[in-house]
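Q:
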Amino acid sequence: MTIVSGAGAVVTGGGGGIGRAIARRLAAGGARVVVNDLDPDAAAAVAVEIGGLAVPGDAGTEQGVRDLLAAAGGHLGEIDIYYSNAGTGAGTEPDPPEDLWQRAWEVNTLAHVRAARALLPGWLARGRGTFVVTASAAGLLTMLGSAPYSVTKHAAVAFAEWLAATYAHRGLTVHCVCPQGVRTQMLANSGPAGEIVLMDTAIEPEQVGEALWDALTSGKFLVLPHPEVLDYYGLRAADTDRWLRGMSRLQRRIEEASG
Ligand SMILES: NC(=O)c1ccc[n+]([C@@H]2O[C@H](COP(=O)([O-])OP(=O)(O)OC[C@H]3O[C@@H](n4cnc5c(N)ncnc54)[C@H](O)[C@@H]3O)[C@@H](O)[C@H]2O)c1
452 MTIVSGAGAV VTGGGGGIGR AIARRLAAGG ARVVVNDLDP DAAAAVAVEI GGLAVPGDAG
512 TEQGVRDLLA AAGGHLGEID IYYSNAGTGA GTEPDPPEDL WQRAWEVNTL AHVRAARALL
572 PGWLARGRGT FVVTASAAGL LTMLGSAPYS VTKHAAVAFA EWLAATYAHR GLTVHCVCPQ
632 GVRTQMLANS GPAGEIVLMD TAIEPEQVGE ALWDALTSGK FLVLPHPEVL DYYGLRAADT
692 DRWLRGMSRL QRRIEEASG
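Each step along the sequence shown adds one to the number in this note's numbering, with nothing skipped, and position 191 is 642.
As structure tokens, then:
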């Protein structure tokens, strides 16, 4: 369980969507929040609203993470909670170019690796720290229409699991947040696959914030704002061929709908 009141927290991609809802929820729970975003105005607006500090920058580069941690550490003293949320949809074309794959890898996976690498020594010395990753249900299942998104979100889940397995006994708490559709700009940009597969069951970013809040209290690793994802995840493991047949049917529906 993570004590939020008085904690120093960092949220990447906190200027909009899920990150903004998380930053607001943490601040409402008494955390002192540093809001990072690529968009300086968006970061500033959220920081003003919640009485936090805006640190604009790119959480998807090594230098960006380093600069963010330096500024956040200077302001907060200790970083108790690091919420690695920023992500990229990585396009919707069937055969994305190399640079899209690379950017997806950097933002959706390596951003978590880089932040954890920098934070772990201090956290292990203190015997506590909370690391949260926004992966996606795509990281447990798949995201039709985007191979880079699916692959790099699976990697994000794998890294979060690895961190928890390796360091839980030394005081590290890890949460991996895996929603399906959430009504944000990213969902609006997700093309026909997002429209057909995710829109009907999409939830509000605030519901992700509440699901995370419950997990911070319970200590639960996997945060599933759409509880049905657990059933799909179980089916994928227990009968992968049946699950793939279902995915293939969905893919055909998407192709028919997009003409
Ligand atoms: N929206 C969904 O349906 C959905 C579902 C599952 C997981 N997710 C994941 O949730 C996270 C947040 O997505 P969202 O839907 O809120 O997206 P969004 O596009 O609505 O908001 C993301 C915010 O992050 C910022 N951002 C983007 N790249 C950044 C970077 N490299 N560094 C710093 N800031 C950056 C953007 O400027 C924006 O303010 C992502 O990791 C995404 O993959 C989203």
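Beta carbons are placed, not taken as given, at the ideal position from N, Cα and C, and that holds for glycine. Every value quoted in this text rests on a predicted model; they were computed, and no experiment measured them.
Is Leu592 helix, strand or coil by DSSP?
A: The residue given as residue 592 occupies position 141 in the sequence shown. Of the three classes helix, strand and coil, the one that applies to Leu592 here is coil, per DSSP.
Q: Threshold first: 3 residues or longer. Then list the beta strand (DSSP E) segments lying entirely within the region 527–603, N to C.
A: 532–535, 580–585
Q: Is Gly468 helix, strand or coil by DSSP?
A: If you number the sequence shown from 1, residue 468 lands on position 17. Looking at Gly468 - three-state DSSP - the assignment turns out to be helix.
Q: Helix, strand or coil: which one does DSSP assign to Val648?
A: Looking up residue 648 in the sequence shown gives position 197. Val648 falls in the helix class under three-state DSSP.
Q: So for Asp488, helix, strand or coil by DSSP?
A: Position 37 of the sequence shown, counting from 1, holds the residue named residue 488. Looking at Asp488 - three-state DSSP - the assignment turns out to be strand.
Q: Give the straight-line distance between the Cα atoms of Glu557 and Ala479, rounded to the nearest whole angstrom.
A: The residue you call residue 557 lines up with position 106 of the sequence shown. The residue you call residue 479 lines up with position 28 of the sequence shown. Distance between the alpha carbons of Glu557 and Ala479: 31 Å.
Q: Whose C-beta lies closer than 6 Å to the C-beta of Gly460 among residues of the same chain, with five residues either side of it excluded?
A: Taking the first residue of the sequence shown as position 1, residue 460 is located at position 9. Looking at the sequence itself, residue 460 is Ala, so the reference to Gly does not match. Excluding positions up to five away in sequence, the list reads Leu477, Ala482, Val484, Ile532.
Q: Let's see if you can read the secondary structure: which residues bound the alpha helix (DSSP H) around Thr624?
A: Numbered from its first residue, the sequence shown carries residue 624 at position 173. Thr624 -> not in any alpha helix (DSSP H); beta strand (DSSP E) instead, spanning 623–628.
Q: For Val455, name the three-state secondary structure that DSSP assigns.
A: Counted from its first residue, the sequence shown places residue 455 at position 4. In the structure shown, Val455 sits in coil (DSSP, three-state: anything other than H, G, I, E or B).
Q: Rounded to whole angstroms, how far is the Cβ of Gly537 from the Cβ of Ala505, which I believe are closer than 8 Å?
A: Locating residue 537 in the sequence shown gives position 86, where the first residue counts as 1. Locating residue 505 in the sequence shown gives position 54, where the first residue counts as 1. For the record, residue 537 in the displayed sequence is Ala; it is not Gly. 14 Å between Cβ atoms; not a contact.
Q: For Pro597, verify whether its CB is less than 7 Å away from any heavy atom of ligand 1.
A: The residue you call residue 597 lines up with position 146 of the sequence shown. Pro is not the amino acid found at residue 597; the sequence shown has Ser there. Result no, Cβ not under 7 Å from ligand 1.
Q: Going straight from the alpha carbon of Pro547 to that of Pro599, what length do you get?
A: As a first step, residue 547 is located in the sequence shown; it is residue number 96 there, counting from the start. As a first step, residue 599 is located in the sequence shown; it is residue number 148 there, counting from the start. Using only the alpha carbons, I get a separation of about 8 Å.
Q: Can you tell which of Leu701, Val608, Val628, Asn487 has the C-alpha that lies nearest to the C-alpha of Arg517?
A: Counted from its first residue, the sequence shown places residue 517 at position 66. For the set Leu701, Val608, Val628, Asn487, the Cα lying nearest the Cα of Arg517 is the one of Asn487.
Q: Give a yes or no on contact between the region 570–578 and the region 614–621, applying the rule of three or more CB pairs nearer than 8 Å.
A: Verdict: yes, contact present.
Q: Exposed or buried, Asp509, counting other C-beta atoms within 10 Å across all chains shown (16 or more means buried)?
A: Residue numbering aside, residue 509 sits at position 58 when the sequence shown is read from its first letter. Burial state of Asp509 is buried, judged by a 10 Å Cβ sphere holding 16 or more other Cβ atoms.
Q: By DSSP, does Leu663 sit in helix, in strand, or in coil?
A: As a position in the sequence shown, residue 663 is number 212, starting the count at 1. Residue state, collapsed to three classes: helix.
Q: Per DSSP, what kind of secondary structure is Ala653 in: helix, strand or coil?
A: Mapped onto the sequence shown, residue 653 falls at position 202. Reduced to three states, the DSSP call for Ala653 is coil.
Q: Any chance the CB of Pro678 is under 7 Å from a heavy atom of ligand 1?
A: Your numbering for residue 678 matches position 227 in the sequence shown. No; taking the cut-off as 7 Å, the Cβ of Pro678 has no heavy atom of ligand 1 nearer than that.
Q: Do Ala569 and ligand 1 come close, with the Cβ less than 7 Å from some heavy atom?
A: By one-based count along the sequence shown, residue 569 stands at place 118. No, ligand 1 has no heavy atom inside 7 Å of this Cβ.
Q: In the structure shown, what three-state DSSP assignment does Ala460 receive?
A: On the sequence shown, position 9 is the one that residue 460 refers to. Ala460 falls in the strand class under three-state DSSP.
Q: So, for Gly468: in the same chain, excluding its five sequence neighbours on each side, which residues have a beta-carbon less than 8 Å away from its beta-carbon?
A: As a first step, residue 468 must be located in the sequence shown, where it is residue number 17. Same-chain partners within the cutoff: Val633, Thr635, Gln636, Met637, Pro656.
Q: Closest by CA to Asp575, which one among Gly511, His620, Pro643?
A: Counted from its first residue, the sequence shown places residue 575 at position 124. According to the sequence as given, residue 575 is Leu; it is not Asp. Of Gly511, His620, Pro643, the residue nearest in Cα terms is His620.
Q: Got a sec, what are the start and stop residues for the beta strand (DSSP E) Leu695 sits in?
A: Here residue 695 refers to the residue found at position 244 when the sequence shown is read from its first residue. Note, Leu695: premise wrong, no beta strand (DSSP E); alpha helix (DSSP H) at 691–708.
Q: Does the beta-carbon distance from Ala607 to Gly580 come in below 8 Å?
A: To locate residue 607, count along the sequence shown from 1; it is residue 156. To locate residue 580, count along the sequence shown from 1; it is residue 129. Result no, Cβ atoms of Ala607 and Gly580 do not sit closer than 8 Å.
Q: Quick check: is any heavy atom of ligand 1 less than 7 Å from the C-beta of Ile469?
A: Position 18 of the sequence shown holds residue 469. Proximity of the beta carbon of Ile469 to ligand 1 is indicated: a heavy atom of the ligand is located closer than 7 Å.
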